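K.L.:
Got a structure here, written out as structure tokens. Questions coming.
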Amino acid sequence: MNPLLAEIPYWGQSLLRVLGGLVAVLLPAGTIVYVFLFKMMSFMQSRLGPMEAGPYGSMQLFAEVGKWLQKEDIVPERADVRIFKMAPVIVLLSTFLLVVAVPFGPDAWFTDFEVGVFYALAVSSVSVLGILVAGWASANKYSLLGGLRAAGQLIAYELPMVLAVMGVVIQAGTMNLQKIVVAQNSGSMFGFDAMGHPYVISQFVGFVIFMIAIQAELTQAPFDMPIAESELVSGYMTEYSGFRFLIFFIGEFATAGVFAMIAAVLFLGGWGVPFAWFGWTSIDDIDNWMNIAGPIIVLTKMMLLVFIIMWIRFSYPRLREDQLQRFAWKGLIPLALANIMVTSILKVAF
Amino acid sequence: MSITENALGDRQRLAYIASQAADSRLNVELETEGMTLNIGPQHPATHGTLRIIARLDGEQVVWAEPSCGYMHRGYEKLAEVRTYPQVTTLINRIDWLGSFANEVPFVLAAEKLMEIEAPVRAQYIRTILFELSRIANVSLFLGDLGVQLGAITPVFFAFRDREYVLNLIESATGGRFHPNFDRIGGLKDDLPAGWVDEARAVMKKLRGFCDQIEDLLFGNEIFQSRTRGIGVVPRDVALQYGLSGANLRASGVDWDLRRDHALPMAWNKVAWKVWTHPDGDSFARCWIRLQETRESTKIVDQLLDSIPAGPVMAKVPKIIKVPEGEAWVSTENPLGEMGYYVVSRGDLGPFRVKIRSASFNNISITPWLLRGVYVPDIVTILASLYFILGDIDR
Amino acid sequence: MSTPSSTQPRITSVAEVKAALGDQLVDSFFKDDLWLRVRTDAWKSSMRTLRDSLGFHYFCFLSAIDWMPSPYGRGEDDPTEPTPERDTTIRQGYAGGTTRLQVFARVGNPITHVGVTVKVDVPDDSPRIESIHDVYAGANWHEREAHEMFGIVFDGHPDPRNIYLPGDFEGHPLRKDFPLLARMVKPWPGIVDVEPLPGGDETAAGEEQ
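Residue numbers (our numbering), protein chains in the order written: chain A, 1 to 350; chain B, 1001 to 1394; chain C, 2001 to 2209.
Structure below.
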């Protein structure tokens, strides 16, 4: 029971949770799309990006949303109609399911799972189903190729992601995301507690593996074989237009944001700052203003990680499917297993 | 071929429409023994309306066959009804990215038959514009290479730097894409004032662009693993199929028509290097084009330093009648060897023009080359062979 | 136009070529470049000789010429007047010829950078000639194009489909008796009053002197 919401009647709490969930997913998505896709990509490509809609093009996203919403709802004649319509919703659903596990402040959380990590990893695979369904149900050979490539790739990169996170769990000693945040911020490194103990430093290998794995989970270049615009037109999204494409689009960037939030929680210390700065010793000591500052801190850390993801996306060519698989199975997984081994040995030894 | 109402019966008309539809639509049956995929004619990867019919086994190609003709404009028939000066407007549009280079072999063939030579200054300017069109063409190739492989950023740098070259061409000839500047006997006009200095500055920028692309794209490990060893064309196969230009040099053949053919152009007046590569794979083809672009900027620099003064047009009659005879002139165009076989009957226009375009031969190797590769490699191989649809289909 | 240094190697190889081909060669012509005409039944064997004995490994192109002058002229006939009489005698070009259609190919030597144009007569009554796709693999597509444009049948070609034109196209467009439809529909420059060019040119644009 969340102490922050204890006085509000139940229907009020549910309403707040729903609104909070929508904001937690859509606000990062919109910010990422504007800052990174419209502006950062343009500046890296020596152009300005959208400038017309609103000051410096800030309303461009609303313009695009409006454009897509008013388009005709086209379903291919031979497509499996019900599943075709369900596929984008499944992908977006997994994002909402994922954001539920992320803590935004000492009391600002949706649910406090004891097995938060396990839940998050399990639920992030739901989007694979959506993509596969989209590829098959479209009755289009390009979509089929894209969907099958996606299935292979996303399953292959689930494993390094899970194994990289295992290192963090071993180090923190818990699967509860809130406790992982507290462990990072209240811990100390070599006796210094000025920076807390963000796992990005001690689990650096795991951090790198996790970032590569989420690059692949998001089907961003260099792992964007399922979309592969120059070969498959749009891969599994080829037949989708209008509102359904909008859901895929928002889903892509919302998932990027939520994965980055999870990475921030696991490796960068989540919503917190090192407790030593304010003299707190446990989660009950934290002042209430942290519940307002927490989400902002999460957002900042998320933007930092998404910057890295997008930067790599705009720069690198894409790996071929077999090279991609080889990299995952022969490169990342052994490395992640070695990481777990070293972490457990060091954890037991010290 | 249009169908008139009373020409065919209903059943024949429906059969015709069905066969046309089957020809062009995306085939949707999902056979398990192998999938036939239509890549094109509308596709982000093909530089125009090229259609490749590929039979796939999973991700591997069993056979692939290009189906050309979506842009066939019948230039050889059209050239027979035009006068010699009018033909240059047609042939400008064969390779539309480096279009000054298309006019040159035809004009040289006509001059060869008339036994006149353009003045030296015109030869220098022709060569400079030829190399500029090569730089414009190949810099787009380098950017497009990134897009085909998934790197979306270099193409913007390519277009930005190509604009400088196109502005140069426009200030000299009046047209960015279709200059139509060559005349039989010389050029239409002289260069504007200040063009030479501007051209030198642009060449420096282009060299910077080449370095940038080499860093961003060619040094990238993923690019190397996508292109090395892909689409290897052995030397004798390349010669048999008539591959030309960078494709032939990438297979180790020392062949450059600028050096080997004696033409009234200014290439033999400056010092430059012919780049070859022994591997014959996609990486070699792309790499050679990059080096050649740099080499072209050096050629232009040297030519700019030594342009002689003089007239730009020889004394030709107002109405051009080319004496009877046959002539073959081919030049090292950006895409490969482009040549014109002009048969003249002493008339105002040619009797027969055979246009030998480089991309036709370059693409004729794809049925042989694309067997057994993966689907992403189709795009890599096509991107490295580099074709323009107007060049294939004329 | 050709500097002396580049005609030297050509002259020596002319003699070589003639010697290697022997009696397969019917006629030849040299003017800055070498033209050969070979016997119709020796087309494939002479191409093979060129490739193997003389080192002409590079295949440039293969096409055909229709030597009959076009009965439609250049599409400038006034459709209201009767068609003018035109001279339709067939006169072949360099290296002679005896038939209306001729197939010609150009091959090159990648080492000496010498090229040669080889022509062969195609019989008028039944236009068939051997296919050289097994001598030069690149001839495959060029022969398909020559077949659809001129109607010449290449014996032994593995895949004689149309390459540019749709499958059910009738006629052979590059033959001179196939009219250019655009000019039939509207002859050039059309029956239009053409204004004189600005600048006081006394001949109007589009009129011949």
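Just so it is clear, CB atoms sit at the ideal spot from N, CA and C, and this is done for glycine as well. In this text the structure is predicted, and so the values were computed from the model without any measurement.
What is the DSSP secondary structure of Glu1337(B), counted as helix, strand or coil?
P.N.:
The count along the second sequence starts at 1 and reaches residue 1337(B) at position 337. The answer is strand: DSSP assigns Glu1337(B) an E or B state.
K.L.:
Does DSSP put Arg2128(C) in a helix, in a strand, or in coil?
P.N.:
Counting from 1 along the third sequence, the entry for residue 2128(C) is found at position 128. DSSP places Arg2128(C) in strand when its eight states are reduced to three.
K.L.:
I want to know whether the region 1353-1363 of chain B touches the region 295-302 of chain A - three or more CB-CB distances under 8 Å.
P.N.:
no
K.L.:
Using only the alpha-carbon positions, how far apart do Phe2030(C) and Gly1069(B) sit?
P.N.:
Here the question's residue 2030(C) lines up with position 30 in the third sequence. Here the question's residue 1069(B) lines up with position 69 in the second sequence. In a straight line, the C-alpha of Phe2030(C) is about 36 Å away from that of Gly1069(B).
K.L.:
Can you check whether the C-beta of Ser1225(B) is within less than 8 Å of a C-beta belonging to chain A?
P.N.:
Walking along the second sequence from the start, residue 1225(B) turns up at place 225. Yes, Ser1225(B) lies at the interface with chain A (some Cβ there is under 8 Å from its Cβ).
K.L.:
So Thr2049(C) is in the alpha helix (DSSP H); what residue range does that whole segment cover?
P.N.:
On the third sequence, residue 2049(C) is found 49 positions in, with the first residue counted as 1. Residues 2043-2052.
K.L.:
If you measure from the beta carbon of Ile2065(C) to each beta carbon in chain B, is any gap under 8 Å?
P.N.:
Position 65 of the third sequence, counted from the first residue, corresponds to residue 2065(C). Answer yes: the Cβ-Cβ gap between Ile2065(C) and chain B drops below 8 Å somewhere.
K.L.:
For the alpha helix (DSSP H) that contains Glu1198(B), what are its first and last residues?
P.N.:
Start at 1 with the first residue of the second sequence, and residue 1198(B) comes out as number 198. Start and end: 1195-1213.
K.L.:
If you scan the region 150-220 of chain A from start to end, which runs of the beta strand (DSSP E) of 3 or more residues do you find wholly inside it?
P.N.:
none
K.L.:
With respect to the beta strand (DSSP E) encompassing Glu1292(B), which residues constitute its N-terminal and C-terminal limits?
P.N.:
Sequence index remark: in the second sequence, residue 1292(B) carries index 292 (1-based). Element bounds for Glu1292(B): not the beta strand (DSSP E) but the alpha helix (DSSP H), 1282-1305.
K.L.:
So for Val1312(B), helix, strand or coil by DSSP?
P.N.:
Taking the first residue of the second sequence as 1, we reach residue 1312(B) at position 312. Val1312(B) falls in the coil class under three-state DSSP.
K.L.:
For Phe350(A), count neighbouring C-beta atoms within 10 Å of its own C-beta (all shown protein chains included) and say buried if the count is 16 or more, exposed if not.
P.N.:
The count along the first sequence starts at 1 and reaches residue 350(A) at position 350. Counting the other Cβ atoms within 10 Å of the Cβ of Phe350(A) gives fewer than 16, which makes it exposed.
K.L.:
When DSSP labels each residue in this structure, what does Pro2166(C) get in the three-state scheme?
P.N.:
Working through the third sequence from its first residue, we reach residue 2166(C) at position 166. Taken through DSSP and simplified to helix, strand or coil, Pro2166(C) comes out as coil.
K.L.:
Taking 8 Å as the CB-CB cut-off, is Phe245(A) touching chain B?
P.N.:
Translated into the one-based positions of the first sequence, residue 245(A) becomes position 245. Not closer than 8 Å to any Cβ of chain B, the Cβ of Phe245(A) fails to qualify, so no.
K.L.:
Where do the N-terminal and C-terminal ends of the alpha helix (DSSP H) with Asp2177(C) fall, by residue?
P.N.:
Position 177 of the third sequence, counted from the first residue, corresponds to residue 2177(C). Careful: Asp2177(C) lies outside any alpha helix (DSSP H) and carries neither H nor E.
K.L.:
Over what stretch of residues does the alpha helix (DSSP H) that includes Glu951(B) continue unbroken?
P.N.:
A question about residue 951(B) goes unanswered here, because the residues of chain B that appear run from 1001 up to 1394.
K.L.:
Check Thr1032(B) in the structure and name its three-state DSSP category.
P.N.:
The residue you call residue 1032(B) lines up with position 32 of the second sequence. The pLDDT assigned to Thr1032(B) is 49, lower than 50, so where the model puts this residue is not dependable, and the model offers no usable value.
K.L.:
Going by the beta-carbon positions, is the gap between Thr95(A) and Gly251(A) smaller than 8 Å?
P.N.:
Translated into the one-based positions of the first sequence, residue 95(A) becomes position 95. Translated into the one-based positions of the first sequence, residue 251(A) becomes position 251. Yes, the Cβ-Cβ distance between Thr95(A) and Gly251(A) is below 8 Å.
K.L.:
Checking contacts by CB at 8 Å: is Glu1214(B) closer than that to chain A?
P.N.:
Along the second sequence, one-based indexing puts residue 1214(B) at 214. Not one chain A Cβ lies under 8 Å of Glu1214(B).
K.L.:
Is there a Cβ from chain C that is less than 8 Å from the Cβ of Gly1390(B)?
P.N.:
Here residue 1390(B) corresponds to residue number 390 of the second sequence, with the count starting at 1. No, because no Cβ of chain C sits closer than 8 Å to the Cβ of Gly1390(B).
K.L.:
Have a look at Ile1299(B), Leu1056(B), Ser1067(B), Asp1057(B) and flag the residue whose alpha-carbon is nearest the alpha-carbon of Gln974(B).
P.N.:
Residue 974(B) is absent from the model: chain B starts at 1001 and stops at 1394.
K.L.:
Taking three-plus beta-carbon pairs below 8 Å as touching, is the region 165-185 of chain A in contact with the region 139-152 of chain A?
P.N.:
no
K.L.:
Would you report the Cα separation of Leu1414(B) and Trp1255(B), rounded to the nearest angstrom?
P.N.:
A question about residue 1414(B) goes unanswered here, because the residues of chain B that appear run from 1001 up to 1394.
K.L.:
For Ser202(A), count neighbouring Cβ atoms within 10 angstroms of its own Cβ and tell me buried if that reaches 16, exposed if not.
P.N.:
Numbered from 1 along the first sequence, position 202 holds the residue referred to as residue 202(A). It counts as buried.
K.L.:
Can you grab the Cα-Cα spacing for the pair Arg1082(B) / Ile1320(B), in whole Å?
P.N.:
For this step, residue 1082(B) is matched to residue 82 along the second sequence. For this step, residue 1320(B) is matched to residue 320 along the second sequence. Spanning the two alpha carbons is a distance of roughly 12 Å.
K.L.:
Among the residues of its own chain, which have a CB less than 6 Å from the CB of Leu1037(B), if the five just before and after it don't count?
P.N.:
The count along the second sequence starts at 1 and reaches residue 1037(B) at position 37. Closer than 6 Å at the Cβ level, and outside the excluded window around Leu1037(B), lie Ala1054, Leu1056.
K.L.:
Any residues in the region 2129-2145 of chain C with a beta carbon nearer than 7 Å to a beta carbon of chain B? Which ones, in chain order?
P.N.:
Tyr2136, Ala2137, Gly2138, Asn2140, Trp2141
K.L.:
Reducing DSSP to helix, strand and coil, say where Lys1273(B) ends up.
P.N.:
Residue numbering aside, residue 1273(B) sits at position 273 when the second sequence is read from its first letter. It is coil, neither helix nor strand.
K.L.:
Under a CB-based cut-off of 8 Å, is Phe1360(B) close to chain C?
P.N.:
Against the second sequence, residue 1360(B) aligns to sequence position 360. Output row for Phe1360(B): interface = yes.
K.L.:
What does a CB cutoff of less than 8 Å around Glu1292(B) pick up in its chain, not counting 5 residues either side in sequence?
P.N.:
Here residue 1292(B) refers to the residue found at position 292 of the second sequence. Closer than 8 Å at the Cβ level, and outside the excluded window around Glu1292(B), lie Arg1134, Val1138, Ala1246, Trp1275.
K.L.:
Counting beta carbon pairs with one atom in the region 2043-2050 of chain C and one in the region 2123-2137 of chain C, are three or more of them shorter than 8 Å?
P.N.:
Output reads yes: the region 2043-2050 of chain C touches the region 2123-2137 of chain C.
K.L.:
On the three-pair Cβ rule with 8 Å, is the region 299-313 of chain A touching the region 253-269 of chain A?
P.N.:
yes
K.L.:
Alpha carbon to alpha carbon, how far is Pro50(A) from Leu177(A)? Give it in angstroms, no decimals.
P.N.:
For the purposes of this step, residue 177(A) is identified with residue 177 of the first sequence, where counting begins at 1. For the purposes of this step, residue 50(A) is identified with residue 50 of the first sequence, where counting begins at 1. Whole-angstrom Cα-Cα distance: 38 Å.
K.L.:
Roughly how far, in whole angstroms, is the beta-carbon of Ala2137(C) from the beta-carbon of Val2103(C), given that I think they are within contact range, below 8 Å?
P.N.:
Numbered from its first residue, the third sequence carries residue 2137(C) at position 137. Numbered from its first residue, the third sequence carries residue 2103(C) at position 103. Actually they are not in contact, since the Cβ atoms of Ala2137(C) and Val2103(C) sit about 17 Å apart, beyond 8 Å.
K.L.:
Does the CB of Val2014(C) have a neighbour CB from chain B at under 8 Å?
P.N.:
Indexing the third sequence from 1 puts residue 2014(C) at position 14. No - not a single Cβ of chain B is within 8 Å of the one on Val2014(C).
K.L.:
For Gly331(A), name the three-state secondary structure that DSSP assigns.
P.N.:
As a first step, residue 331(A) must be located in the first sequence, where it is residue number 331. Reduced to three states, the DSSP call for Gly331(A) is helix.
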